[in-house]
Amino acid sequence: MEIIEIVGLGLIATVISLIIKDQKPQFAFLIILLTGIAILLFLVGKISSVILVLEKLAMQANIDMVYLETILKIIGIAYIAEFGAQITKDAGQAAIASKIELAGKILILVMAIPIIGVIIETIIQLLPK
Amino acid sequence: MKLDVNMIFQIAGIAIIVSMIHTVLKQMGKEDFAHWVTLIGFIVILYMVATFINDLFQEIQRVFLFH
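Chains P and A are the protein sequences, given in the same order. The first sequence maps to residues 1 to 129 in the working numbering. The second sequence maps to residues 1 to 67 in the working numbering.
This is the structure we're talking about:
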């Protein structure tokens, strides 16, 4: 039951940050940041096994590894951007948070463009001339 | 997970001690020293968090096939 550990960690960190926020708000922010990192690190360890299975399936299906790699990179960018945006928003900087989200979206779009190109080429080939 | 909880308690302890030192120094009338103590405590904790965030980013790069 790892969810109990995570919820316990979150509750402890919340209480501690509430106590410290009166005295030193910057330390409270660092505690929140550390908690977020800890939980995400734990989840990344879990998700790596899922991704290994996905890679194995893609190899068996003879899918070009470039596509899977692109999709995994997109997922990674989404996770990191979301994490940074949430932490920044928590610290009261909504403007920077929205810029981080925008950067994440644009980087994802840049990575997805080769795939979109391939799809459009395929569709054009399918069309009757 | 054990290490993470320990780190949170460590940071909380450092923050409380720094806050106490800050108050004591302020009572003694040494405000500039008090601010330095706060700054140094903050830098120490920031260093800990930065090493930890480096671990996280390395792990994400390893898992999500960044090269």
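Just so it is clear, CB atoms sit at the ideal spot from N, CA and C, and this is done for glycine as well.
Any chain P beta carbon closer than 8 Å to residue i
| i | result |
| --- | --- |
| D32 (chain A) | no |
| M28 (chain A) | no |
| V37 (chain A) | no |
| L56 (chain A) | yes |
| L46 (chain A) | yes |
Residue range of the unbroken alpha helix (DSSP H) whose run includes residue i
| i | result |
| --- | --- |
| Q26 (chain P) | P25 to Q60 |
Residue i, DSSP secondary structure in three states
| i | result |
| --- | --- |
| Q93 (chain P) | coil |
| F64 (chain A) | coil |
| M20 (chain A) | helix |
| M65 (chain P) | helix |
| P114 (chain P) | helix |
| M48 (chain A) | helix |
| K99 (chain P) | helix |
| G13 (chain A) | helix |
| M7 (chain A) | helix |
| L126 (chain P) | helix |
| K26 (chain A) | helix |
Any C-beta of chain A under 8 Å from that of residue i
| i | result |
| --- | --- |
| G76 (chain P) | yes |
| A85 (chain P) | no |
Taking 8 Å as the cut-off, does the segment 46 to 53 of chain P touch the segment 27 to 46 of chain A (at least 3 CB pairs, one atom from each stretch)?
no
Tell me whether the segment 96 to 105 of chain P and the segment 113 to 126 of chain P touch, counting them as touching only if at least three CB pairs, one residue from each stretch, are closer than 8 Å.
no
For the structure I just gave you, are there three or more beta carbon pairs, one from the segment 121 to 129 of chain P and one from the segment 4 to 11 of chain A, closer than 8 Å?
no
Hey, is the segment 25 to 37 of chain A in contact with the segment 32 to 39 of chain P, meaning 3+ C-beta pairs nearer than 8 Å?
Taking 8 Å as the limit for Cβ pairs, the verdict is that the segment 32 to 39 of chain P does not touch the segment 25 to 37 of chain A.
At least 3 beta-carbon pairs within less than 8 Å: the segment 66 to 80 of chain P vs the segment 48 to 66 of chain A
yes
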